[in-house]
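In my numbering, the protein residues as written are 178 to 626. Cβ atoms here follow ideal geometry from the backbone N, Cα and C, with glycine treated the same way. Bear in mind the structure is a predicted one, so any value in this text is a computation, not a measurement. Everything on this sheet refers to the single structure shown next.
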Amino acid sequence: MITASETKLPRISTALPGPKSQLVIDYDKKYMSPSYLRDYPFVAERGYGAIVEDPDGNAFLDFAAGIAVCSTGHCHPKVVEAIQKQAAELIHIAGNDFYHRHMPQLAERLVKTMPKPQDYRVFFGNSGTEAVEGAIKLARYATRRDKLIAFYGCFHGRTLGSLSLTASKNTQRKGFGTLLGGVEHIPYPYAYRCALGHTKETCGGEIIEFLEQQIFKRLFAPEEVAAIIVEPIQGEGGFIPAPLFFLQELQRICNRHGIVLIVDEVQAGMGRTGKWWAYEHAGITPDIVLTAKGIASGMPISAFIAKESIMQWKPGAHGTTYGGNPVCIASALATMELIEGGLMANARKIGDYVFGKINDWPQRFKIVGDVRGKGLMIGVEFVRDQKTKEKAADLRDRVIDNAFHRGLLTLGSGENSIRLSPPLIIDEEQADCAIRILEESIREAEKNL
Ligand SMILES: Cc1ncc(COP(=O)(O)O)c(C=O)c1O
Numbered sequence: 178m179i180t181a182s183e184t185k186l187p188r189i190s191t192a193l194p195g196p197k198s199q200l201v202i203d204y205d206k207k208y209m210s211p212s213y214l215r216d217y218p219f220v221a222e223r224g225y226g227a228i229v230e231d232p233d234g235n236a237f238l239d240f241a242a243g244i245a246v247c248s249t250g251h252c253h254p255k256v257v258e259a260i261q262k263q264a265a266e267l268i269h270i271a272g273n274d275f276y277h278r279h280m281p282q283l284a285e286r287l288v289k290t291m292p293k294p295q296d297y298r299v300f301f302g303n304s305g306t307e308a309v310e311g312a313i314k315l316a317r318y319a320t321r322r323d324k325l326i327a328f329y330g331c332f333h334g335r336t337l338g339s340l341s342l343t344a345s346k347n348t349q350r351k352g353f354g355t356l357l358g359g360v361e362h363i364p365y366p367y368a369y370r371c372a373l374g375h376t377k378e379t380c381g382g383e384i385i386e387f388l389e390q391q392i393f394k395r396l397f398a399p400e401e402v403a404a405i406i407v408e409p410i411q412g413e414g415g416f417i418p419a420p421l422f423f424l425q426e427l428q429r430i431c432n433r434h435g436i437v438l439i440v441d442e443v444q445a446g447m448g449r450t451g452k453w454w455a456y457e458h459a460g461i462t463p464d465i466v467l468t469a470k471g472i473a474s475g476m477p478i479s480a481f482i483a484k485e486s487i488m489q490w491k492p493g494a495h496g497t498t499y500g501g502n503p504v505c506i507a508s509a510l511a512t513m514e515l516i517e518g519g520l521m522a523n524a525r526k527i528g529d530y531v532f533g534k535i536n537d538w539p540q541r542f543k544i545v546g547d548v549r550g551k552g553l554m555i556g557v558e559f560v561r562d563q564k565t566k567e568k569a570a571d572l573r574d575r576v577i578d579n580a581f582h583r584g585l586l587t588l589g590s591g592e593n594s595i596r597l598s599p600p601l602i603i604d605e606e607q608a609d610c611a612i613r614i615l616e617e618s619i620r621e622a623e624k625n626l
């Protein structure tokens, strides 16, 4: 419920950044690592629902949700209550060494989202990249093979193992020397830019052929490959969904050669696409599913959910100090209850509503090349010219900045796309408001063409 001092829609009353926000920005500059991105000067002070306020009292409609993390919105009362209650009972005990009921509780909840719950086991970490690291280790351990296949445009994290898979922007890899060996990248099906003119449903057949006829015959024999890791919808890469047949083909190849299929749902999962997991739209059965971000509304927890037949490592083979801490688990359980209790259906409903209103943007705006995604995982790609499809990162940045000044928070994705990943709680009025702001922001950016 919104209180008298709160709002559902943006409310901007100072120049941005306001004076109090500027103090925080200056303070931050003095002490923080310069590697943080901070594309525009938003400073968060408090959040409720789909709104975040800055220290100057400006209220922003949050279509970034802390990079798709705040799935239940900011400080959902049920999540806050669960965290507070658990924090007063037990904060930490190290699940690596001792038992506590919270770990199997969340694990049970997670495996129940899988095709055959009894076939899966769970390991908890603290972040997406940790889930990826663990999955790499598990796939290598289980198969006794070491080669890995990932996709151009993919993002799996920034620690050295996951970074070896990440092939999103060279700034993320540059300067860090040699990464993990035995990793090969292949193209991801990107229908809007498909050189062969395929559609969103058919793009990628040649990539499967390339994998089987070139990679497997010239580089890695398939019996050397431990895992193929794929995002069912590329997140950092530009919110690009893989065609369903493509995921099915990967499953076929993995089954045929005993390769572990790892599906990275860190950004796409947890109800955002209208189902628990984005891979479900393709009807496949992954060997390992990775989750983080939206699982606990902002508390740091991740998990990899692996088939029991694969998760057969010995005690001590993998571990962690904090992973699966009771407070994060309490937040995750409350979050999953809310997602199942209506937010997943809302993501589907409002997602359809938004697509119904923005699918024709490429016809209405010269600089919009493509609108794509599923549920509340929506990507908009910006181009200088719809015929040549020349990428227009500068225009995309301008749209983001224009939207910020109108009270809408969004994030860039890929080279020239905007991602819309609001909390799953938004309603039609908030969706309309975001669409109106984006349309004004695009129109303003078009003046600079
Ligand atoms: C698909 C995917 N995998 C892994 C990660 C890494 O997650 P984290 O930043 O929590 O380490 C991200 C982060 O954006 C992601 O989008």
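Proximity test, Cβ basis, 8 angstroms: residue i and chain C
{"i": "A241", "result": "Considering every chain present, this structure includes no chain C. It has just one protein chain."}
Range covered by the alpha helix (DSSP H) that runs through residue i
{"i": "S212", "result": "Run containing S212: none; DSSP gives neither H nor E here."}
{"i": "F387", "result": "382-387"}
{"i": "D609", "result": "605-623"}
{"i": "I535", "result": "521-535"}
{"i": "G338", "result": "337-342"}
{"i": "V628", "result": "This structure gives no information on residue 628, because the portion of the chain shown stretches from 178 to 626."}
{"i": "H279", "result": "279-288"}
Closer than 7 angstroms: residue i CB and nearest ligand 1 heavy atom
{"i": "I244", "result": "yes"}
{"i": "E310", "result": "no"}
{"i": "Q349", "result": "no"}
{"i": "G412", "result": "yes"}
{"i": "T587", "result": "no"}
{"i": "D216", "result": "no"}
{"i": "G305", "result": "yes"}
{"i": "G415", "result": "no"}
{"i": "Q444", "result": "yes"}
{"i": "H333", "result": "yes"}
{"i": "A469", "result": "yes"}
{"i": "E408", "result": "yes"}
{"i": "D441", "result": "yes"}
Ligand 3 heavy atom lying under 7 angstroms from the CB of residue i
{"i": "V288", "result": "Within the structure as shown, ligand 3 is missing, the only ligands being ligand 1."}
CB of residue i within 8 angstroms of CB of residue j, strictly
{"i": "S273", "j": "G496", "result": "The residue asked about is misnamed: residue 273 is Asn in this sequence, not Ser. It is a contact, given that the beta carbons lie within the stated cut-off."}
{"i": "I405", "j": "G556", "result": "no"}
{"i": "L373", "j": "L356", "result": "no"}
{"i": "T249", "j": "L520", "result": "yes"}
{"i": "K255", "j": "A507", "result": "no"}
{"i": "V201", "j": "P232", "result": "yes"}
{"i": "N523", "j": "L601", "result": "yes"}
{"i": "L342", "j": "Q349", "result": "no"}
{"i": "A622", "j": "L572", "result": "yes"}
{"i": "T306", "j": "G352", "result": "no"}
{"i": "C331", "j": "Y365", "result": "yes"}
{"i": "R449", "j": "M554", "result": "yes"}
{"i": "Y225", "j": "E183", "result": "yes"}
{"i": "A308", "j": "A480", "result": "yes"}
{"i": "K484", "j": "Y297", "result": "yes"}
{"i": "I410", "j": "G550", "result": "yes"}
{"i": "D547", "j": "Y369", "result": "yes"}
{"i": "E389", "j": "I436", "result": "no"}
{"i": "E634", "j": "I384", "result": "Since the first residue shown for the chain is 178 and the last is 626, residue 634 is missing from the structure and cannot be characterised."}
{"i": "F275", "j": "G500", "result": "no"}
First and last residue of the uninterrupted beta strand (DSSP E) at residue i
{"i": "Y225", "result": "223-225"}
{"i": "I326", "result": "324-328"}
{"i": "Y318", "result": "Not the beta strand (DSSP E): Y318 falls in the alpha helix (DSSP H), residues 305-320."}
{"i": "K351", "result": "Careful: K351 lies outside any beta strand (DSSP E) and carries neither H nor E."}
{"i": "R549", "result": "545-551"}
{"i": "A220", "result": "Reading off the sequence shown, one finds Val at residue 220, where the question assumed Ala. Run containing V220: none; DSSP gives neither H nor E here."}
In DSSP terms, what residue i is bridged to
{"i": "Q411", "result": "I417"}
{"i": "R596", "result": "G556, L588"}
{"i": "H362", "result": "A327"}
{"i": "D562", "result": "E567"}
{"i": "I482", "result": "V299, V466"}
{"i": "D239", "result": "L586"}
{"i": "L438", "result": "I405"}
{"i": "E230", "result": "R223, A236"}
Contacting residues, own chain, Cβ-Cβ under 6 angstroms from residue i (five flanking each side not counted)
{"i": "D239", "result": "A227, V229, L586"}
{"i": "A459", "result": "L421, L424, Q425"}
Residues of its chain near residue i, where Cβ-Cβ distance is below 7 angstroms and the 5 sequence neighbours each way are ignored
{"i": "E401", "result": "R322, K324"}
{"i": "E378", "result": "P420"}
{"i": "T376", "result": "A368"}
{"i": "I461", "result": "L424, Q425, Q428"}
{"i": "V288", "result": "P294, Y297, V299, I482"}
Same chain, Cβ closer than 8 angstroms to residue i, five either side skipped, listed in chain order
{"i": "A569", "result": "I544, F559, V560, R561, N593"}
{"i": "Q607", "result": "K185, L186, A227, L238, P599"}
{"i": "V246", "result": "K470, G471, S474, G475"}
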